[in-house]
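Colleague: One structure, as structure tokens, below. Some questions next.
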């Protein structure tokens with residue numbers, strides 16, 4: 037789990053997003069988060085069961101259906117356990133990691149960009165004048 041100040045609370049999406057991306061990349065699970073690793077159908081056998089293919093690494097783009105389930109669940113749990121109120125903030129806990137990530141991105145990426153533009157505008161408008169104390173100006177920045 038992330039430290040408390042890095043867990044998503046509805047107001048810190050850019051920090052949460054960056055840490056979540058780093059964590060899934062380090063684990064080799066980015067494809068589960070962005071939806072580029074698709075769940076495959078089980079391979080049929082001649083006896084009517086399914087084959088047990090050799091285990092694949094986490095970085096594989098072609099995991100078995102069982103591996104996909106485990107890896108997608110790990111990725112989804114990273115989002116859920118690092119969000120302070122997952123249901124209230126729009127994390128679909130019944131879907132895939134990619135669905136949950138897309139919902140968060142769709143909802144909070146735009147708001148984060150708007151907030152960044154507003155903050156930059158405010159910062160650029162902040163000027164030090166002769167009447168202002170230098171250290172107060174630094175605090176404002």
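Numbering (our numbering), first residue to last: 37 to 177.
Backbone N, C-alpha and C define an ideal beta-carbon position, used for all residues, glycine too.
Given the structure is predicted, the values throughout are model-derived calculations rather than measurements.
Can residue 136 and residue 68 be called in contact, C-beta distance under 8 Å?
Modeller: Contact: no.
Colleague: Just checking, does the region 114-132 make contact with the region 86-103 on the three C-beta pairs under 8 Å criterion?
Modeller: In short, these stretches do not touch, since the Cβ pair count stays below three.
Colleague: In this structure, does DSSP put residue 38 in helix, strand or coil?
Modeller: DSSP places residue 38 in coil when its eight states are reduced to three.
Colleague: Between 66, 58, 127, which has its C-alpha nearest residue 96's C-alpha?
Modeller: Checked all of 66, 58, 127; the closest Cα to residue 96 is 66.
Colleague: Leaving out the 5 sequence neighbours to the left and right, which residues in its chain are closer than 8 Å to residue 64 when beta-carbon positions are compared?
Modeller: The residues are 93, 94, 95.
Colleague: With distance defined between alpha-carbon atoms, name the residue in 45, 39, 40 nearest to residue 124.
Modeller: It is 45 whose Cα lies nearest to the Cα of residue 124.
Colleague: The ligand FMN heavy atoms versus the CB of residue 74: any closer than 7 Å?
Modeller: Inclusion of the ligand FMN in the displayed structure is not the case, the ligand content being empty and no account of it being possible.
Colleague: Going straight from the alpha carbon of residue 38 to that of residue 118, what length do you get?
Modeller: For residue 38 and residue 118, the distance between alpha carbons rounds to 6 Å.
Colleague: Could you tell me the alpha carbon to alpha carbon distance between residue 41 and residue 47, rounded to whole angstroms?
Modeller: In a straight line, the C-alpha of residue 41 is about 11 Å away from that of residue 47.
Colleague: Is there a C-beta anywhere in chain C that falls below 8 Å from the one on residue 54?
Modeller: The structure shown has no chain C; it contains just one protein chain.
Colleague: Enumerate in chain order the residues of its own chain whose CB-to-CB distance from residue 104 is below 6 Å, with the five nearest sequence positions on each side excluded.
Modeller: Once the five neighbours on either side are set aside, the close Cβ partners of residue 104 are 75.
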